[in-house]
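If you read the sequence shown in our numbering, its first letter stands for residue 692, the second for the next number, and so on.
C-beta atoms are modelled at their ideal positions from N, C-alpha and C, and glycine is treated no differently.
Note that the coordinates shown come from a computational prediction; the quantities given were computed from them, not determined experimentally.
Scroll down for the structure; my scribbles are underneath it.
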Amino acid sequence: MKRALITGVTGQDGSYLAEFLIGKGYDVHGVIRRSSVDYRERIAHLEGHEHFHLHYGDMSDTLSMVQTVRAVQPHEIYNLAAQSHVQVSFDAPEYTANVDATGVLRILEAVRQCGLEKQCRIYQASTSELYGRVEQVPQNENTPFHPYSPYAVAKLYGYWIVKEYREAYGMFCSNGILFNHESERRGETFVTRKITLAAARISQGHQEKLYLGNLSSLRDWGYAKDYVECMWLILQYNEPDDFVIATGQQHSVRDFCQLAFHHAGIELEWRGQGPDEKGVCIAVNSSLPSAINLIGKTLVEVSPDFYRPTDVVNLLGDPTKAQQLLGWNPEKTSFEKLVELMVESDMAKVASDHAAAKVRCNLAEYLEKGIVK
Ligand code: NAP
Ligand code: GDD
């Protein structure tokens, strides 16, 4: 039975990858950080599975990386752990470098120190952010990099140290240069999930307005579940190599927002320009509760709080190499389907969170009135 070690197993991609690899018959080991709360939402359903094991470790702690690699003796490592939020990297640049740059080196060295460099294949979660202030559209494996945030600069080190260990020590280590990929499990401060949650809350009367930054930013958005399959395919290829993983389709933040609100039953019209641009509700679906009167209201506004000191605004990937060499299908889940899946999931989540909160509220009232003891 093959053993896989996943760093970042509690994240969006790590959780889908763990499910995927268990399905392929792997014994899956994940690295988790010690935290004061013990509930790991994205992998809670896997805990207790006979082929799913967790190990404490931190990308900033060499010893824990060496100990984990020694204990697991993995055939494959998927290095997904990172401080993955671009905007946060401007506030925490040193920490981001420690985890996203030096952390990659720690994994590679741990494999060497444990004498596993011939047995163990390593996947590095590289990123389209490397193209940054883009020098070519669309971007492929030969497009020059121009990182444009502390996050991207840290990831550039990760990309190159992987190539260096491949060439210097003959190790099987590969970069997946993944373009943005989203899902129902996406962190709530990334723009897509922030939008789908807000659309769900606004349509159910629990939020007034959504504030966003650059509405014109363009991204190549795919579905995370499809992308984790490609991580695995990259390590099954007959030699280590670097691959762009993308859909080849591009949309703006504004497009995403328009479609997400549409799926939540709200039609938006965009008025104004730049920081004064607003999304105004011009129609609602008849399924929305009649008490929620949204027509004519401004539901989306721009806030400079979400502008970045340097922003990457034109990402579009060319996945031809992955299609031809790995047989990966970039068209499995369309942009329209992705938005629909995310909104559907958040509509249900908001409704059930609200129902649970109502039960808690009623209970507090009943306790106060002595109706329940
Ligand atoms: P995510 O949801 O933010 O997950 C990040 C994971 O890294 C979490 O499990 C987190 O653990 C873990 N982590 C963070 N700092 C750590 C540390 N110091 N030690 C150990 N673990 C640590 O990210 P994602 O979207 O799944 O992305 C996975 C990887 O792909 C990241 O490296 C990201 O930079 C890269 N990437 C993502 C995309 C995308 O669009 N999603 C595109 C290109 C590349 P906690 O749960 O404890 O915080
Ligand atoms: N987060 C966020 N919040 N972004 C906003 C907002 C907002 O309110 N308003 C506009 N944006 C714009 C950002 O300026 C950026 O241009 C774009 O939306 C996407 O932002 P994010 O969703 O935060 O993702 P990202 O592209 O910066 O980074 C993600 O994708 C990278 C791959 O290209 C992360 O997953 C990275 O880890 C990953 O490497």
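Does K846 pass the burial test, meaning 16 or more other C-beta atoms within 10 Å, or should it be called exposed?
buried
In terms of residues, what are the limits of the beta strand (DSSP E) holding E1065?
Residue 1065 is absent from the model: the chain starts at 692 and stops at 1064.
Own chain partners of D749 with C-beta closer than 7 Å, once the 5 adjacent residues on each side are dropped
R724 and S755
Is the distance from the Cβ of E820 to the Cβ of Y842 below 8 Å?
yes
Measure the C-alpha to C-alpha separation of D1044 and E879 and round it to an integer number of angstroms.
15 Å
Measure the alpha-carbon distance for D1009 versus H942 and round it to whole angstroms.
15 Å
With DSSP collapsed to three states, give me the class of L696.
strand
By a C-beta neighbour count over all protein chains shown, 10 Å radius and 16 as the cutoff for buried, is V1050 buried or exposed?
exposed
Can you find a heavy atom of the ligand NAP that lies under 7 Å from the Cβ of F740?
Checking the sequence shown, residue 740 turns out to be His, not Phe. H740 Cβ: outside cutoff for every heavy atom of the ligand NAP.
Is D996 near the ligand NAP - that is, is its Cβ less than 7 Å away from at least one heavy atom of it?
no
Nearest-angstrom Cα separation, counted from D704 out to V779
19 Å
What I want to know is whether the C-beta of M922 ends up closer than 7 Å to one or more non-hydrogen atoms of the ligand NAP.
no
State yes or no: is the C-beta of M1038 within less than 8 Å of the C-beta of A955?
yes
Between L903 and V944, is the Cβ-Cβ spacing less than 8 Å?
yes
The ligand GDD heavy atoms versus the CB of D782: any closer than 7 Å?
no
Residue interval of the alpha helix (DSSP H) (run including C921):
A915 to Q927
According to DSSP, is V882 helix, strand or coil?
helix
When the Cα atoms are used, what is the spatial distance from A1047 to L985?
25 Å
Contacting residues, own chain, Cβ-Cβ under 6 Å from I973 (five flanking each side not counted)
E958 and E960
Do you know whose CA, among L799, G913, L696 and Y707, lies nearest E732's CA?
Y707
Distance cut-off 7 Å: Q941 Cβ against heavy atoms of the ligand GDD:
no
Taking the DSSP output, what are the residues bridged to E992?
Y902 and K969
Between the alpha carbons of T698 and V844, how many angstroms are there, rounded?
20 Å
Cβ atoms of V802 and D694: under 8 Å apart, would you say?
Note that residue 694 is Arg in the sequence shown here, rather than Asp. Cβ distance not < 8 Å, so R694 and V802 don't count as in contact.
Residue(s) in a DSSP beta bridge with V722:
T698 and H746
Taking just the CA atoms, how far does Q804 sit from V757?
7 Å
Cβ-based neighbour list, K969, same chain, cut-off 8 Å, excluding 5 preceding and 5 following:
W961, R962, G963, T989, V991, E992 and V993
The alpha helix (DSSP H) with R876 in it runs from where to where?
No alpha helix (DSSP H) holds R876; DSSP gives it neither H nor E.
What is the residue span of the beta strand (DSSP E) that T818 lies within?
R812 to T818
Contained beta strand (DSSP E) runs [length at least 3] in the region 755-792, N- to C-terminal order
767-770
W851 - DSSP class collapsed to helix/strand/coil
helix
Is the number of C-beta pairs between the region 885-898 and the region 710-724 that are closer than 8 Å three or more?
no
Taking DSSP's pairing of strands, which residues face V975 in a bridge?
I957
Closest to E767 by C-alpha separation, out of V719, Q1014, E1035 and P1021, would be which residue?
V719
By the three-class DSSP mapping on this structure, what secondary structure does C1052 have?
helix
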